[in-house]
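Participant:
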Amino acid sequence: MTDTPENDSLRTATVPDNASGRRFDAVLAELFPEFSRSRLAEWIKSGDARLDGKVVRPRDIVHGGQVASLDAVLETQTHALPEDIPLDILYEDAEVFVLNKPAGLVVHPGAGNPTGTLVNALLYRDPSLDTLPRAGIVHRLDKDTSGVMVVARTLPAHTSLVAQLASRDVHRQYLAVVVGAMVSGGTANAAIDRHPRDRLKMAVREDGRDAVTHYRLRERFRAHTALECHLETGRTHQIRVHMAHIKYPIVGDPLYGGPLRLPKGASEELVAALRGFKRQALHAETLEFNHPATGQPVRVSAPVPDDMLALMAALRADSEAHKR
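Using the numbering used here, you'd call the opening residue of the sequence shown number 85 and step up by one each time.
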């Protein structure tokens with residue numbers, strides 16, 4: 085049983101009898117599941133997590149009836165400045181935001197992008213996010229990938245969503261337009277890690293981390309294909325790397341797409357559409373997760389952006405024009 089007194093940063097809980105003989109850090113994680121184990125470990129080390137009012141070590145043994153206390157002061161985790169940048173919020177409650185990220189918006193501030201990022205926008209929308217790791221962002225989209233993202237608004241929600249991602253319980257569906265007319269869908273199962281020579285790129289590597297992408301045909305054009313991709317894992321650039329690996333690179337991908345390839349006899353309109361598409365044709369279409377507070381499934385979809393709709397319309401018109 086836990087109790088939160090008037091000091092809302094102080095929490096206490098009584099160690100149950102069936103926890104006797106176990107380590108303090110393990111029992112603490114069960115008593116306060118809203119916090120991550122790494123955060124609890126920091127509080128044990130700093131003396132903010134105590135047993136019967138005494139500072140103890142993580143490995144010290146507990147006994148039933150003892151009182152674990154936690155002075156859970158959430159320090160500022162994100163030091164980016166709030167900026168009034170418009171956000172397309174698709175779903176919102178006290179625990180989470182689900183938003184539609186436009187292509188061109190960087191997620192995290194960095195050396196080349198200290199401002200104007202999604203983090204800056206989120207901190208303006210909800211200043212309390214500065215106490216959460218990465219302002220509540222639990223997964224990311226590349227700068228030029230559009231689509232749906234979920235952001236935690238509380239520490240318990242953050243802990244829950246990170247755990248769901250780690251256990252592969254978050255459903256992520258993407259729309260991709262690739263070069264080449266595929267015959268059927270399939271699965272790309274190839275480990276990914278940092279490219280051995282180009283630090284900006286990822287690559288398929290035998291010594292990489294496991295990565296699995298399932299894909300099926302959405303629409304087949306004369307020399308291109310619209311795919312529905314489902315992520316089983318979430319490696320950096322995963323769909324982009326996997327599609328290039330199986331020789332169907334994503335249209336417009338500046339890192340993995342290779343030189344522009346035009347279908348034989350392409351119309352001026354299609355040539356212009358392909359030449360003018362300057363980002364990877366990849367959109368995070370649907371996200372489904374269990375709500376951190378209720379456990380109920382939440383499914384949110386982001387509409388396909390206009391540039392991808394226009395690209396697919398040009399490819400469709402080209403296919404129709406070349407039917408015999």
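For each residue, glycine too, the CB sits at the ideal point set by N, CA and C. This one's a predicted model, so the numbers in the text were calculated from it and none came from an experiment.
Mind the definition here: the segment 384-393 touches the segment 190-197 only if three or more C-beta pairs lie below 8 Å; say whether that holds.
Facilitator: Not touching, per the Cβ criterion.
Participant: Could you check which residue in Gly269, Met286, Tyr332, Ser403 has the C-alpha nearest to that of Phe305?
Facilitator: Ser403
Participant: Note down the Cα distance separating Thr238 from Ile221, rounded to an integer number of angstroms.
Facilitator: Approximately 11 Å between the Cα atoms of the pair.
Participant: Measure the C-alpha to C-alpha separation of Leu366 and Leu358 and round it to an integer number of angstroms.
Facilitator: Between the alpha carbons of Leu366 and Leu358 lies a gap of roughly 14 Å.
Participant: Could you check whether Leu315 and Thr309 sit closer than 8 Å to each other, using their CB atoms as the reference points?
Facilitator: Cβ distance not < 8 Å, so Thr309 and Leu315 don't count as in contact.
Participant: From the DSSP output, which residues share a beta bridge with His255?
Facilitator: Residue pairing by DSSP puts His255 in a beta bridge opposite Glu372.
Participant: Counting only the same chain and skipping the five closest in sequence on each side, list residues whose C-beta sits under 8 Å from that of Arg141.
Facilitator: Phe108, Ile128
Participant: Where does the unbroken alpha helix (DSSP H) through His223 begin, and where does it stop?
Facilitator: Segment: none, His223 is in no alpha helix (DSSP H) and carries neither H nor E.
Participant: Of all the alpha helix (DSSP H) runs that stay within the bounds of the segment 290-330, which reach a length of 4 or more residues?
Facilitator: 322-329
Participant: One question on the structure: do Ala60 and Asp294 come within less than 8 Å of each other, judged by their Cβ atoms?
Facilitator: This structure cannot speak to residue 60, because the chain is shown only from 85 to 408.
Participant: So for Glu179, helix, strand or coil by DSSP?
Facilitator: Look at Glu179 here: in three-state DSSP terms it is coil, with no helix or strand label.
Participant: Name the two residues that bound the continuous alpha helix (DSSP H) containing Gly360.
Facilitator: The continuous alpha helix (DSSP H) containing Gly360 extends over residues 352-360.
Participant: From which residue to which residue does the alpha helix (DSSP H) around Met396 run?
Facilitator: For Met396, the enclosing alpha helix (DSSP H) starts and ends at 390-405.
Participant: Taking DSSP as the reference, what is the three-state secondary structure of Asn273?
Facilitator: Asn273 sits in a strand when the DSSP states are folded into three classes.
Participant: Any idea what DSSP makes of Ala236, helix, strand or coil?
Facilitator: strand
Participant: Give the C-beta separation of Met233 and Leu189 to the nearest angstrom, bearing in mind that I take them to be a contact with Cβ-Cβ under 8 Å.
Facilitator: Leu189 and Met233 do not touch by the CB rule: their CB atoms are close to 10 Å apart, not below 8 Å.
Participant: For the structure I just gave you, are there three or more beta carbon pairs, one from the segment 394-401 and one from the segment 350-364, closer than 8 Å?
Facilitator: yes
Participant: Can you name the start and end residues of the alpha helix (DSSP H) that Val203 belongs to?
Facilitator: 202-209
Participant: Does DSSP put His147 in a helix, a strand or coil?
Facilitator: coil
Participant: With Ser130 as the anchor, note down where its alpha helix (DSSP H) starts and where it stops.
Facilitator: 121-130
Participant: How many angstroms separate the CA atom of Ala397 from the CA atom of Glu303?
Facilitator: As the crow flies, the alpha-carbon of Ala397 is around 11 Å from that of Glu303.
Participant: May I ask you to check if the CB of Arg300 is nearer than 7 Å to at least one heavy atom of the ligand COA?
Facilitator: No copy of the ligand COA appears in this structure; indeed no ligand is present at all.
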